[in-house]
Amino acid sequence: MAAAGIYTIGGSFWEFGEPDWENTRYFMMFGVAEDHDSNPIKMGLGKLKTKGQAKFVSVNPVRTGYSAIADEWVGIRPGSDGLFVMALIHELLRSGKVDLEFLVRYTNAHWLVRHAPGTAEHGLFVRGDDDQPLAFDRKSGEVVDASRTDIDPAMRGRFTAPVSADNSSGGDAVPAFELLLERYLDSRYSPDTVAPQTGIDAETIRRIAGELAHAAFEQEITLDIPWTDWAGRKHDKMVGRPVSMHAMRGISAHSNGFQTCRAIHILQMLLGSIDCPGGFRYKPPFPRPAPPGPKPAGKADQVSPGKPMAGPPLGFVTAPEDLLVDDDGKALRIDKAYSWDAPIAAHGMMHTVIRNAWAGDPYPIDVLFMFMANMSWNSSMNTTETIDMLTDTDPETGEYKIPKIIYSDAFQSEMVAYADLILPDTTYLERWDCISLLDRPICDADGPADAIRQPVVTPDRDVRPFQEVLIELGVRLGLPAFTKDDGTAKFPGGYPDYLANHERTPGIGPLAGWRGENQDSHGRGAANPNQLERYVENGCFWKDEFTPGQRYYKHANRDYLNHAAEMGWIGSADQIVLQLYSEPMQRFKLAAQGFGAVQPPEHYRDRIAETFDPLPVWYAPFEDSYTDPNAYPIHALTQRPMAIYHSWGSQNTWLRQIHGWNKLYMNRKTAEGHGLTDGDKVRVESPYGSIGAVISLMEGCNTDTVWTWNAIGKKKGAWNLSKDAPESNKGFLLNHLITDLLPPKDGYRFANTDPITGQAAWFDLRVRVIKDDSVELGDGSKSAMPRAPGVEPAKKRSRYGAQFLPEGDWRRKRGGDSS
Amino acid sequence: MHPAYSVIFFTTASGAGYGLLIWLALLAAAGNVVPNPVSGIALFVLALGLITAGLLSSTFHLGHPERAWRAMSQWRSSWLSREGVAAVITYGPALLFALGWIVFESTGGIWLYAGLAAGVMALVTVACTGMIYASLRAIPRWTDATVVPVYLAFALATGGALLVAIYSVFTPVPPHGIWPVVVVIIVAWALKLLYWRRIDNAAPVATAESATGLGHIGKVRLFEAPHTGENYIMREMGYRVARKHAVRLRRIALLVGGAVPVIAFAAAALFIGPITLVAALIGLIGVSIGVLTERWLFFAEAEHASMLYYGASDV
Amino acid sequence: MTSLPQQTGKPQLGLVIDLDICVGCHACAVNCKEWNTGGHSAPLTDEDPYGADPLGVWFNRIHTYEAGQGVEGRTVHFPRSCLHCEEPACVTVCPTGASYKREADGIVLVNADTCIGCKLCSWACPYGAREYDYTDGVMKKCTLCIDRIENQNIPEEQRVPACVSTCPASARHFGDLGDPNSEVSQLVAARDGYDLMPEMGMKPVNKYLPPRPEPASLASVSETAAPSPATEPGGTGSRFLDWVDRTLSR
Ligand SMILES: Nc1nc2c(c(=O)[nH]1)N[C@H]1C(S)=C(S)[C@@H](COP(=O)(O)OP(=O)(O)OC[C@H]3O[C@@H](n4cnc5c(=O)[nH]c(N)nc54)[C@H](O)[C@@H]3O)O[C@H]1N2
Ligand SMILES: Nc1nc2c(c(=O)[nH]1)N[C@H]1C(S)=C(S)[C@@H](COP(=O)(O)OP(=O)(O)OC[C@H]3O[C@@H](n4cnc5c(=O)[nH]c(N)nc54)[C@H](O)[C@@H]3O)O[C@H]1N2
Ligand code: SF4
Ligand code: SF4
Ligand code: SF4
Ligand code: SF4
Ligand code: SF4
Ligand SMILES: [Mo]
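Below, the structure written as structure tokens:
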């Protein structure tokens with residue numbers, strides 16, 4: 001999700017950007033139930049619908065939550081959004097409803113791409129001696145530096161390309177846009193072709209394309225705000241194409257998510273609605289170069305025992321040379337991120353670690369150290385086997401396959417049961433925390449913000465903030481980041497000390513506000529020992545406002561770019577060119593086709609050649625090609641319940657009253673087809689497992705889809721709930737049915753992820769649903785998980801609030817000692 | 001509605017007690033009783049005993065029985081309050097009536113007036129009980145015109161059955177003392193049948209569509225209840241008895257509580273002599289079973305409007 | 001005194017709930033619980049909180065309905081709390097006077113010190129808005145957050161019900177529905193706000209705003225806007241792509 005955005009527009013949906021709620025006239029939402037931006041989205045939708053001047057279309061197999069209040073619900077078949085979006089693109093191209101000016105100014109649409117099939121340069125940009133991408137200028141009739149502002153670039157046609165830098169190839173050159181025309185005007189992307197695959201009839205697709213075009217071009221809005229573009233040209237107003245889009249895990253949790261998400265960004269670019277009034281807007285610190293510079297560290301020569309790593313463990317790969325693999329192409333990292341399994345795994349691949357550690361692939365480990373992730377349950381695929389792997393022993397030695405597990409949790413989660421050492425953490429109310437710009441935006445698009453949390457409750461049990469534990473470990477291990485030269489602690493004050501005084505690069509620390517000697521510089525500035533006091537005085541937030549002239553076109557807005565560079569968000573104030581055509585994808589494709597120094601092992605070649613495409617392609621979710629669609633005809637999804645946060649809402653009695661157990665929701669017509677009625681008990685089977693569930697019928701659900709609320713099902717005894725709690729006796733966890741590895745192909749089992757980013761394909765799951773009155777509901781485990789040391793038996797009654805009554809009020813005495 | 005046993009017992013027991021009181025008043029008025037301590041103690045202890053037991057049991061389901069006295073204060077607007085007031089007032093004349101009957105062995109003069117007052121207050125009290133239910137618009141079927149008459153009729157039926165049964169212990173009751181009871185029993189069941197007929201055919205008063213106001217979009221159905229668990233409203237109002245079950249119970253009630261007593265008492269009236277007592281006792285037991293079943297159904301079959309928010313399609 | 005106060009012309013405080021934008025997040029229900037468990041009717045007891053049948057007192061509950069069939073239909077999130085009716089049977093049936101309607105502003109409350117827990121008011125309320133607290137043995141209900149709206153110790157802007165202040169979508173509004181010129185009354189008028197179950201005769205003060213059809217501005221477009229083909233098959237060299245060749249400036 002984020003990767004697709006960052007490689008394409010240098011920003012992303014998710015909580016990295018937002019629709020221009022104020023000005024948009026047409027808002028399309030793809031696959032969002034809640035999002036990280038959950039409250040802002042609710043506020044935005046409320047504003048948008050109250051104003052009543054915009055249309056809100058929700059593309060989602062299920063009509064609940066946000067989709068319930070959409071003006072139009074498009075109940076798409078899971079995994080097919082790419083086709084739907086490409087059909088919209090097809091229609092816009094067919095009708096010439098494209099913002100060419102936007103494309104030539106802000107994207108690489110006019111850049112020349114070398115057409116020299118069978119050479120190492122084919123499909124790469126044609127570059128000049130200074131490595132500058134080139135374009136064909138129709139004024140001078142010459143091939144020139146594509147970034148020049150005085151040219152009239154050709155958007156189609158064939159030109160003879162200057163011989164490539166390394167003389168390897170000459171050949172033709174075509175503008176990237178021509179390749180795009182070729183690709184999407186093809187009838188395989190016409191509404192009529194994709195209708196049966198997406199479950200959306202062609203008429204609807206055409207109409208929506210028409211509405212998009214109408215909103216973008218007929219309802220163009222202008223704000224009378226002067227601004228200066230990257231080339232220093234002044235404009236007296238800001239023109240907006242008021243079409244905005246947002247997408248989330250409905251797109252990214254499929255194995256074709258990266259390309260589908262890129263397709264959506266391309267649709268936005270064609271409509272000219274990136275960071276313009278009424279369009280999608282970046283939140284600072286975005287946009288960043290697409291992609292940003294830093295590469296992931298971790299090559300063999302970059303890691304040596306006792307020494308800090310040469311750079312950050314996460315980064316942005318742009319060519320096979322950047323991969324973290326050995327000479328045989330085998331992964332170097334335990335999660336196989338940045339290997340041929342997932343070359344641009346910008347987030348790492350946490351969900352594969354337990355499997356790899358258990359298998360000793362790529363290498364065995366001594367200790368598995370985890371924090372704040374319920375990895376034996378809802379955040380693992382294939383939960384059943386994962387639990388086996390956590391407890392599996394080596395027959396020879398009798399040792400655990402994963403010798404030692406250290407885990408820090410604040411509650412008695414399912415994972416706690418498998419830890420050799422538990423580090424009981426405080427809750428977020430009992431410690432200092434920091435929500436940093438270095439991590440992700442918590443602001444809106446009009447200015448940066450960051451925040452802290454301060455302790456508001458003193459712990460009543462033997463717990464310790466995990467950050468303190470980490471810092472102390474750092475000192476004990478003598479890590480340079482945490483120790484002075486004399487080996488003593490660099491941050492004796494612990495985490496608060498670290499927050500105020502740690503600097504990533506000179507002048508840049510976790511918190512942007514109130515830096516410098518005079519505590520008055522923001523973004524960049526010397527560490528300020530009193531920084532936290534300033535935050536507390538300001539309600540724990542720091543927020544800054546952009547000047548009106550900085551608020552839009554941030555990717556090409558000089559005032560903004562200069563400001564961003566000063567703040568340290570971007571290295572230089574150069575224009576951020578949007579990548580309609582993605583050269584890094586082509587580099588990997590070429591490698592898979594046998595070009596270049598670093599090439600994938602044989603069994604990777606097809607998959608990389610097929611999926612790494614410089615222009616978005618659609619391929620069926622991998623499950624579909626492994627699993628017989630006739631045997632497993634139904635897609636199975638989960639949705640975030642708005643009232644519960646993953647697994648740990650259940651330790652709160654109020655929230656568990658709202659979602660005490662989960663049902664399997666099914667379209668009424670589909671159910672009738674299965675001879676099922678409301679409340680029936682069913683067996684839900686995937687090729688990888690089977691669970692019991694109670695079904696509930698609904699109208700607003702795609703007919704090929706069933707779904708349930710995420711992470712409601714619990715293990716008996718977990719979260720200190722009673723053995724007979726509905727969570728573990730009626731509810732279920734869909735993860736038992738989701739495989740973490742795809743079936744073997746040429747003897748190798750790929751992870752069940754997007755082949756490009758390694759994003760877990762949670763939603764590729766296919767199942768069949770069978771009526772079974774005798775099926776066992778619940779987690780199936782006979783024995784309840786033991787209560788963790790120091791955990792008290794739960795209360796029989798909660799009288800929380802009685803303590804606020806006046807002394808001597810009769811109600812204080814009711815209900816015995818229960819609160 | 002959840003059929004709470006305390007409430008069922010209260011309405012039936014006190015109903016019978018008040019019914020008996022009314023019959024005694026009528027006897028006194030008709031002037032053809034020979035009051036004596038023995039029968040008097042038996043009759044009044046039973047009447048006032050049932051009334052008191054009922055009233056007490058009705059306080060069991062209160063969250064704060066110790067505050068029950070407060071329930072008298074709102075007679076201006078609340079039928080429950082009025083019932084309380086009437087019930088308490090009834091004790092006065094009833095005790096006088098008993099005093100005359102048992103101690104002074106008289107039902108004439110002031111004792112008669114006390115008796116009549118007691119009878120009237122008993123009637124009023126039972127009517128109030130009926131009105132508590134009949135006035136609840138949230139339970140449309142209870143607002144049926146037959147509800148109060150049914151309460152009165154069954155009070156008299158059970159009271160009458162008691163009267164005959166008790167008397168038979170001492171002396172065989174003459175036919176003209178039994179036939180009225182038979183008539184009342186028939187009337188009571190006739191009214192009940194009418195009530196059942198009417199609630200079965202009544203047009204719904206409110207629907208899921210009117211409860212949510214979403215009817216203009218289409219048929220409304222509950223997709224998700226607010227909570228996955230139960231709540232107080234669902235427990236109290238959500239009780240539903242299966243149609244088949246209800247029909248069976250109605251038949252039993254009618255047979256055991258109607259047919260059997262009618263035949264038994266008729267027999268008692270026709271063949272005066274030793275069998276009267278047995279017949280009367282059979283009749284009494286029958287009526288009691290009948291009224292308990294009828295009362296249980298009265299609650300169990302009633303649908304509360306609030307259930308429209310929890311999946312009911314109409315009430 | 002449970003005979004109803006003379007209300008006409010007096011303020012009628014209540015809520016207006018916009019079903020067109022409620023996303024069903026339950027935030028209002030939870031914040032209601034949070035505030036009121038420490039407020040006028042404290043505590044809002046939870047029985048068996050971590051067991052098989054947790055059962056708590058809540059003043060605000062979020063139902064979800066589906067109206068109509070298939071794509072034509074609509075999913076509607078439906079918050080439900082006391083409607084502070086003008087002629088509330090829950091008040092008139094109360095034998096103790098514990099259930100009362102305030103003369104000054106029409107708010108319907110329960111006096112926990114005089115309630116005998118007979119539950120009759122809950123039988124009388126067609127909306128299922130009464131909440132019996134088994135442990136306290138008294139009836140409880142939405143207080144319209146009297147301890148916020150009249151609270152001199154909190155900032156002016158916070159003197160609204162907890163559910164209103166917390167709703168991220170601003171689907172909840174609070175005000176005087178007795179005054180036809182109040183913002184809420186205007187909103188109700190403009191949006192065809194309606195009463196729940198008027199046939200019950202309780203004259204609810206709270207109003208609901210119905211889901212709206214899509215904005216007319218765009219609905220009109222929908223029919224007309226299927227784009228006219230500028231491009232026909234014939235490859236990217238085709239003259240139908242002339243629009244691509246127009247002069248461009250960077
Ligand atoms: N209340 C709450 N909020 C949360 C969380 C929580 O647990 N609870 N978790 C947080 C986290 S970690 C994350 S990652 C975010 C995730 O936030 P979301 O991205 O909203 O995650 P999901 O709830 O999985 O929603 C996925 C949506 O995509 C739809 N969908 C599934 N497949 C497809 C498809 O093929 N096409 C389309 N168009 N739609 C599809 C599903 O029906 C569902 O509505 O939420 C965050 N916010
Ligand atoms: N089927 C299915 N599976 C999914 C998803 C899905 O959509 N469908 N979504 C996936 C996604 S996007 C994500 S992000 C994962 C999330 O999965 P997890 O990351 O496992 O999310 P949680 O259940 O919130 O687990 C957080 C753990 O941290 C603990 N915790 C809470 N607060 C603290 C604290 O202050 N300190 C410490 N040390 N621990 C704390 C909680 O008790 C809990 O055990 O789930 C993934 N799994
Ligand atoms: S859980 Fe916290 S971060 Fe998430 S929406 Fe609620 S308040 Fe915001
Ligand atoms: S909604 Fe119910 S409880 Fe509230 S005032 Fe109306 S009748 Fe009374
Ligand atoms: S439960 Fe309390 S408030 Fe309700 S009617 Fe009885 S006494 Fe009145
Ligand atoms: S007004 Fe107050 S008590 Fe009533 S529902 Fe809202 S928050 Fe709850
Ligand atoms: S908080 Fe607002 S949006 Fe959420 S359920 Fe309540 S009314 Fe609906
Ligand atoms: Mo996530």
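Residue numbers (my numbering), protein chains in the order written: chain A, 1 to 819; chain B, 1 to 315; chain C, 1 to 250. Every residue gets a Cβ at the ideal spot worked out from N, C-alpha and C, and that includes glycine.
- Task: Check each residue of the segment 59-74 of chain C: if its Cβ is closer than 8 Å to any Cβ of chain B, include it; give the result in chain order.
- Result: R61, I62, H63, T64, Y65, E66, A67, G68, Q69, E72, G73, R74
- Task: Return no unless some Cβ of chain B is closer than 8 Å to the Cβ of T114(C).
- Result: As a working mapping, residue 114(C) is identified with position 114 in the third sequence. It does; some Cβ of chain B falls within 8 Å.
- Residues that H227(B) contacts on chain A, provided the C-beta gap is smaller than 8 Å: As a working mapping, residue 227(B) is identified with position 227 in the second sequence. What H227(B) touches in chain A: Q657, I658, G660.
- Task: Output, in chain order, the set of chain B residues within a Cβ distance shorter than 8 Å of G137(C).
- Result: Residue numbering aside, residue 137(C) sits at position 137 when the third sequence is read from its first letter. Ordered by position in chain B, the residues that pass the 8 Å Cβ test against G137(C) are L62, G63, H64.
- Would S774(A) be called buried (16 or more neighbouring beta carbons within 10 Å of its own) or exposed? Along the first sequence, read from residue 1 onward, the residue named residue 774(A) stands at position 774. Classification for S774(A): exposed.
- Pair every Cβ in the segment 600-617 of chain A with every Cβ in the segment 580-587 of chain A, then say whether three or more of these pairs are closer than 8 Å. yes
- Proximity winner among F271(B), R250(B), L277(B), relative to E301(B) (alpha-carbon distances): As a first step, residue 301(B) must be located in the second sequence, where it is residue number 301. Comparing Cα-Cα distances from E301(B) to each of F271(B), R250(B), L277(B), the minimum goes to R250(B).
- Would you mind sorting L323(A) into buried or exposed? The rule is 16 or more other CB atoms within 10 Å of its CB. Translated into positions along the first sequence, residue 323(A) becomes position 323. L323(A) should be labelled buried.
- Message: Would N710(A) and S380(A) be called neighbours here (beta carbons separated by less than 8 Å)?
- Response: Residue 710(A) sits at position 710 when you count from the first residue of the first sequence. Residue 380(A) sits at position 380 when you count from the first residue of the first sequence. For N710(A) and S380(A), no; Cβs fall outside 8 Å.
- Message: Less than 8 Å between the beta carbons of V16(C) and V160(C), yes or no?
- Response: As a working note, residue 16(C) is residue 16 in the third sequence. As a working note, residue 160(C) is residue 160 in the third sequence. Not closer than 8 Å, so no.
- Item | Residue of I272(B), L62(B), G108(B), E294(B) minimising C-alpha distance to W179(B) | The count along the second sequence starts at 1 and reaches residue 179(B) at position 179. Per the Cα distances, I272(B).
- Among A165(B), L214(B), G213(B), nearest to A264(B) - alpha-carbon criterion: Along the second sequence, read from residue 1 onward, the residue named residue 264(B) stands at position 264. Taking only the C-alpha atoms, the option nearest A264(B) is A165(B).
- Task: Kindly indicate which three-state DSSP category S819(A) falls into: helix, strand or coil?
- Result: As a first step, residue 819(A) must be located in the first sequence, where it is residue number 819. For S819(A), the pLDDT reaches just 46, beneath the cut-off of 50, and the residue's location in the model is therefore unreliable, although a value from the coordinates is still provided. It is coil, neither helix nor strand.
- Query: Whose C-alpha, out of E224(B), A203(B), H227(B), T207(B), is nearest the C-alpha of G218(B)?
  - Reply: The sequence position of residue 218(B) within the second sequence is 218, counting from 1. Closest option to G218(B), Cα to Cα, is T207(B).
- Task: Evaluate I110(B) with the Cβ neighbour count: other Cβ atoms within 10 Å of its Cβ, from every protein chain shown; 16 or more gives buried, anything less gives exposed.
- Result: Here residue 110(B) refers to the residue found at position 110 when the second sequence is read from its first residue. Under this definition I110(B) is an exposed residue.
- Beta-bridge pairing of R130(C) - partner residues as DSSP gives them: In the third sequence, counting from the first residue as 1, residue 130(C) sits at position 130. K141(C).
- Per-residue burial, G14(C) [other beta carbons within 10 Å of its own, 16 or more giving buried]: Locating residue 14(C) in the third sequence gives position 14, counting from the first residue. Buried, by the Cβ-count rule.
- Item | Sequence-distant residues of its chain with Cβ nearer than 7 Å to V183(B) (five each side left out) | Locating residue 183(B) in the second sequence gives position 183, counting from the first residue. Taken in chain order, the list of residues that qualify is empty.
- To the nearest angstrom, how far is it from the Cα of N231(B) to the Cα of G56(C)? Here residue 231(B) is taken as the residue at index 231 of the second sequence, counted from 1. Here residue 56(C) is taken as the residue at index 56 of the third sequence, counted from 1. Each residue's Cα considered, the two are about 7 Å apart.
- Message: So that I know if they touch, is there some Cβ in chain B lying closer than 8 Å to that of D245(C)?
- Response: Taking the third sequence and counting its residues from 1, the one referred to as residue 245(C) is at position 245. It does not: the Cβ of D245(C) has no partner Cβ on chain B nearer than 8 Å.
- Message: Count Cβ pairs between the segment 722-735 of chain A and the segment 43-52 of chain C that sit closer than 8 Å; are there 3 or more?
- Response: yes
- Report the three-state DSSP secondary structure of C255(C) (helix, strand or coil). With chain C running from 1 to 250 in the structure shown, residue 255(C) is simply not present.
- Are the C-beta of D179(C) and some C-beta of chain A separated by less than 8 Å? Here residue 179(C) refers to the residue found at position 179 when the third sequence is read from its first residue. No, D179(C) lies away from the interface with chain A (no Cβ there is under 8 Å from its Cβ).
- Looking only at DSSP bridge pairs, what is W227(A) linked to? Your numbering for residue 227(A) matches position 227 in the first sequence. BP columns for W227(A) point to H235(A).
- Quick one: which chain C residues come within Cβ less than 8 Å of W227(A)? Your numbering for residue 227(A) matches position 227 in the first sequence. Going along chain C, no residue has its Cβ under 8 Å from W227(A), so there is no contact; the nearest lies around 16 Å.
- Query: Looking at the structure shown, is A408(A) part of a helix, part of a strand, or coil, going by DSSP?
  - Reply: By 1-based counting over the first sequence, the position of residue 408(A) is 408. A small correction: the amino acid at residue 408(A) is Ser; Ala does not occupy that position in the sequence shown. In this structure, S408(A) counts as strand in the three-state DSSP scheme.
- Item | Sequence-distant residues of the same chain with beta carbon closer than 6 Å to A4(B), five excluded per side | Within the second sequence, the letter at position 4 stands for residue 4(B). H61, listed in sequence order.
- Can you list, in chain order, the residues of its chain whose CB lies under 7 Å from that of Y310(B), leaving out five sequence neighbours each side? Here residue 310(B) is taken as the residue at index 310 of the second sequence, counted from 1. So the list reads L222, A225, M234, G238, once near-sequence residues are dropped.
- Message: Quick check: does the Cβ of K119(C) come within less than 7 Å of any heavy atom belonging to ligand 4?
- Response: Within the third sequence, the letter at position 119 stands for residue 119(C). No, the beta carbon of K119(C) sits no closer than 7 Å to any heavy atom of ligand 4.
- Item | Endpoints, the alpha helix (DSSP H) within which W111(B) is located | Sequence index remark: in the second sequence, residue 111(B) carries index 111 (1-based). Start and end: 109-134.
- Item | Residue-chain proximity (M698(A), chain B), Cβ-Cβ < 8 Å | Counting from one through the first sequence, the residue named residue 698(A) turns up at place 698. Answer yes: the Cβ-Cβ gap between M698(A) and chain B drops below 8 Å somewhere.
- Contiguous beta strand (DSSP E) assignments of at least 3 residues, all confined to the segment 83-109 of chain C: 99-101
- Is A3(A) near ligand 2, judged by its Cβ being under 7 Å from some heavy atom? Numbered from its first residue, the first sequence carries residue 3(A) at position 3. Checking every heavy atom of ligand 2 against the Cβ of A3(A), none is found closer than 7 Å.
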